[in-house]
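Asks: Protein chains in written order, with our numbering: chain C, 1 to 78; chain S, 1001 to 1160.
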Amino acid sequence: MELRKEYVYYKANKDKLLEKHLNSFVLIKGNKIIGFFNSEEAAYKAGLKRIGNQAFLIKRVMKEEDVSQFPALTLGIL
Amino acid sequence: MAIFNGGFLRGGQQRDGPDRLGLEKNGPIMSVEIVVPFSLAKHLRGKKIAVPAPIKGLALIDSGASTSCVDSQVIGRLGVKPIGVGIALTAGGACEQNLYPARFNFPEGKLSFEFSSVMGVDLKEQTIMGRKLVALVGRDVLSECVFVYNGLQASYTFAL
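1. Just tell me which of S/Leu1099, S/Lys1124, S/Val1070 has its CA closest to the CA of S/Val1137.
2. By alpha-carbon positions, which one of C/Ala42, C/Lys29, C/Phe70, C/Gly47 ends up nearest to C/Tyr7?
3. Classify C/Ile77 as helix, strand or coil using the three-state DSSP reduction.
4. Does the distance from the CB of S/Cys1031 to the CB of S/Lys1056 come in under 8 Å?
5. Any idea which residues DSSP pairs S/Gly1011 with across the strands?
6. List, from N- to C-terminal side, the beta strand (DSSP E) runs of 3 residues or more that fit wholly inside the region 1043 to 1109 of chain S.
7. Does any residue of chain A bring its CB to less than 8 Å from the CB of S/Glu1024?
8. DSSP state of S/Glu1125, grouped into three classes?
9. Is S/Met1119 closer than 8 Å to S/Leu1099 when the C-beta atoms are compared?
10. S/Ser1039 versus chain C: which residues are under 8 Å apart at the beta carbon?
11. Measure the C-alpha to C-alpha separation of S/Tyr1149 and S/Asp1062 and round it to an integer number of angstroms.
12. So C/Glu6 is in the alpha helix (DSSP H); what residue range does that whole segment cover?
13. Suppose you measure from the CA of S/Met1129 to the CA of C/Phe25; what does that come to, to the nearest Å?
14. Roughly how many angstroms lie between the CA atoms of S/Ile1087 and S/Phe1008, to the nearest whole one?
15. Can you tell which of S/Asp1016, S/Ile1034, S/Gly1006 has the C-alpha that lies nearest to the C-alpha of S/Leu1023?
16. For chain S, is any of its Cβ atoms less than 8 Å away from the one on C/Met1?
17. Got a sec? Which residues, its chain only, sit under 7 Å from S/Gly1151 by beta carbon, not counting five neighbours each side?
18. If the cut-off is 9 Å on Cβ atoms, which residues from the region 1073 to 1091 of chain S count as contacting chain C, listed in chain order?
19. Would you kindly work out how many angstroms separate the C-alpha atoms of C/Gly52 and S/Val1074, rounded to a whole number?
Rendered as structure tokens:
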């Protein structure tokens, strides 16, 4: 999976981020926080401008992670 | 309101009546174009880089999917890079999958959706009636639409 490094960094720093940036969208490249934004779209535009069309992590800072459900995939139908 | 009406007919002929088994077997499907998201297209044009052409295929309307998905190989071929990590429940338990910004165009219904992120999944080269399945339309889209599934008439309506 791409973004492994960024995701590991996010999880390692999640508690600190929750203290001050709950519900913000954090933009991370490598082991560096690029900024905080009010929406995923704003973070994406900023990422394109500052980093370019590369893989970077945008993550909403939340206590509980959203889990997506795909029964067809889950059951191996697809 | 943009409306798409789909359905299955026996032998493809109106006079032969609805093909219930066809709908049951294939599900409610729509032609779809997977398109570079607006922000990335603007970024590429600003750098005088050609914007990749849309990739055509089929989307399955999947009311069981909580979020929409795109085939990760297809979105990768458009040059769209991942921007997130989401958790998906699979047969092997919860797993982490990349998220991508994307736009889905449904040319038959003149419908278009811009997603800040959709989940990239491996649709395993699945085809429906000889066409490649490239996306699942989940409840994130259905929450903004009217979707009617008429099993008796082997038809469905998707309206935004």
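Note that the Cβ used here is the ideal one computed from N, Cα and C, for glycine as well.
Replies: Straight from the coordinates:
1. Your numbering for residue 1137 of chain S matches position 137 in the second sequence. For the residues S/Leu1099, S/Lys1124, S/Val1070, the minimum Cα distance to S/Val1137 belongs to S/Val1070.
2. Your numbering for residue 7 of chain C matches position 7 in the first sequence. Ranking the options by Cα distance to C/Tyr7, first place goes to C/Lys29.
3. Translated into positions along the first sequence, residue 77 of chain C becomes position 77. For C/Ile77, the predicted structure reports a pLDDT of 48, less than 50, and the residue's modelled location is therefore unreliable. The matter cannot be settled from this model.
4. Within the second sequence, residue 1031 of chain S is the residue found at index 31, counting from 1. Within the second sequence, residue 1056 of chain S is the residue found at index 56, counting from 1. In the sequence as presented, Cys is not what sits at residue 1031 of chain S; that position holds Ser. Cβ distance < 8 Å, so S/Ser1031 and S/Lys1056 count as in contact.
5. Here the question's residue 1011 of chain S lines up with position 11 in the second sequence. Note: S/Gly1011 sits in no beta bridge, so no partner.
6. If we require 3 residues or more, the beta strand (DSSP E) runs fully inside the region 1043 to 1109 of chain S come out as 1055 to 1061, 1069 to 1071, 1084 to 1090, 1093 to 1106.
7. The question asks about chain A, but that chain is absent: this structure's protein chains are C and S.
8. For the purposes of this step, residue 1125 of chain S is taken as the residue at position 125 of the second sequence. Here DSSP, grouped into helix, strand and coil, assigns S/Glu1125 to coil.
9. Residue 1099 of chain S sits at position 99 when you count from the first residue of the second sequence. Residue 1119 of chain S sits at position 119 when you count from the first residue of the second sequence. Against a cut-off of 8 Å, the Cβ pair of S/Met1119 and S/Leu1099 comes out as a contact.
10. Taking the second sequence and counting its residues from 1, one reaches residue 1039 of chain S at position 39. Those within 8 Å of S/Ser1039 in chain C are Glu41, Tyr44, Lys45, Leu48.
11. Here residue 1149 of chain S refers to the residue found at position 149 of the second sequence. Here residue 1062 of chain S refers to the residue found at position 62 of the second sequence. Straight across, the Cα-Cα distance linking S/Tyr1149 with S/Asp1062 is about 12 Å.
12. As a first step, residue 6 of chain C is located in the first sequence; it is residue number 6 there, counting from the start. From DSSP, the alpha helix (DSSP H) with C/Glu6 extends over 4 to 21.
13. Counting from one through the second sequence, the residue named residue 1129 of chain S turns up at place 129. Counting from one through the first sequence, the residue named residue 25 of chain C turns up at place 25. Going from the Cα of S/Met1129 to the Cα of C/Phe25 covers about 41 Å.
14. By 1-based counting over the second sequence, the position of residue 1087 of chain S is 87. By 1-based counting over the second sequence, the position of residue 1008 of chain S is 8. Each residue's alpha carbon lies about 35 Å from the other.
15. For the purposes of this step, residue 1023 of chain S is taken as the residue at position 23 of the second sequence. Checking every option, the nearest Cα to that of S/Leu1023 belongs to S/Gly1006.
16. Locating residue 1 of chain C in the first sequence gives position 1, where the first residue counts as 1. Answer yes: the Cβ-Cβ gap between C/Met1 and chain S drops below 8 Å somewhere.
17. Taking the second sequence and counting its residues from 1, the one referred to as residue 1151 of chain S is at position 151. Counting only residues of its own chain and dropping the five nearest sequence neighbours on each side, S/Gly1151 has a CB closer than 7 Å to the CB of Arg1020, Leu1023.
18. So the close ones are Gly1079, Val1080, Lys1081, Pro1082, Ile1083, Gly1084, Val1085, Gly1086, Ile1087, Ala1088, Leu1089, Thr1090, Ala1091.
19. One-based indexing of the first sequence puts residue 52 of chain C at position 52. One-based indexing of the second sequence puts residue 1074 of chain S at position 74. Approximately 20 Å, taken between the alpha carbons.
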